[in-house]
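Undergrad: Sharing a structure with you now.
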Amino acid sequence: MPRKKKEEKKKAGLARHEKDTGSPEIQIVALTARIKAMTEHLKRHRKDVHSRYSLIKMAARRRKLLRYLKDNDFAKYREVVHSLGLRG
């Protein structure tokens with residue numbers, strides 16, 4: 050299944066409303082999809098330092114969003130982590 054389809058499917062279960070694009074849960078889903086795609090890209094292109102830097106920035110942003118969600122809505126945090134298979 051293409052990355053966009055998987056991302057849309059996961060977003061549907063976590064969205065607060067139909068056109069939700071800015072909530073932390075949706076941003077985390079989008080970043081996770083981009084991180085997985087970038088990881089695959091870097092497996093093929095090991096010397097692509099610029100993309101590696103972008104991957105680090107995306108991972109840091111996702112980590113900050115997860116921390117925010119954990120501090121403000123722990124139940125939603127657990128739901129997101131479970132649905133994406135993050136953190137063990």
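Residue 50 is where the sequence shown starts when you use my numbering, and the numbers rise one by one after that. Glycine included, C-beta positions come from ideal geometry on N, C-alpha and C.
1) Can you name, in chain order, every residue of its own chain whose Cβ lies under 6 Å from the Cβ of LEU104, other than the five neighbours on each side?
2) Considering only their Cβ atoms, is the gap separating LEU118 from PHE125 smaller than 8 Å?
3) Give me the residue from ALA108, ASN121, ASP122 with the minimum Cα distance to ARG136.
4) Buried or exposed: which applies to THR81, given that a residue is buried once 16 or more other Cβ atoms fall within 10 Å of its Cβ?
5) In terms of residue numbering, what span does the alpha helix (DSSP H) encompassing LYS85 cover?
6) From the DSSP output, in three-state form, read off ALA108 for me.
7) On the CB-based measure, 16 or more other CB atoms within 10 Å of its CB, does GLU57 come out buried or exposed?
8) On the CB-based measure, 16 or more other CB atoms within 10 Å of its CB, does GLU67 come out buried or exposed?
TA: Walking through what the data contain:
1) As a position in the sequence shown, residue 104 is number 55, starting the count at 1. Closer than 6 Å at Cβ, skipping near neighbours: MET87.
2) The residue given as residue 125 occupies position 76 in the sequence shown. The residue given as residue 118 occupies position 69 in the sequence shown. The question names Phe, but residue 125 is Lys in the sequence shown. If you check the CB distance, LYS125 and LEU118 come in under 8 Å.
3) On the sequence shown, residue 136 is found 87 positions in, with the first residue counted as 1. When only C-alpha atoms are compared, the closest one is ALA108.
4) Translated into the one-based positions of the sequence shown, residue 81 becomes position 32. THR81 sits buried, since 16 or more C-beta atoms from the chains shown fall within 10 Å of its C-beta.
5) Taking the first residue of the sequence shown as 1, we reach residue 85 at position 36. 73–93 is the extent of the alpha helix (DSSP H) around LYS85.
6) Within the sequence shown, residue 108 is the residue found at index 59, counting from 1. In this structure, DSSP gives ALA108 a helical state, which the three-state scheme calls helix.
7) Working through the sequence shown from its first residue, we reach residue 57 at position 8. Result: exposed.
8) Along the sequence shown, read from residue 1 onward, the residue named residue 67 stands at position 18. Classification for GLU67: exposed.
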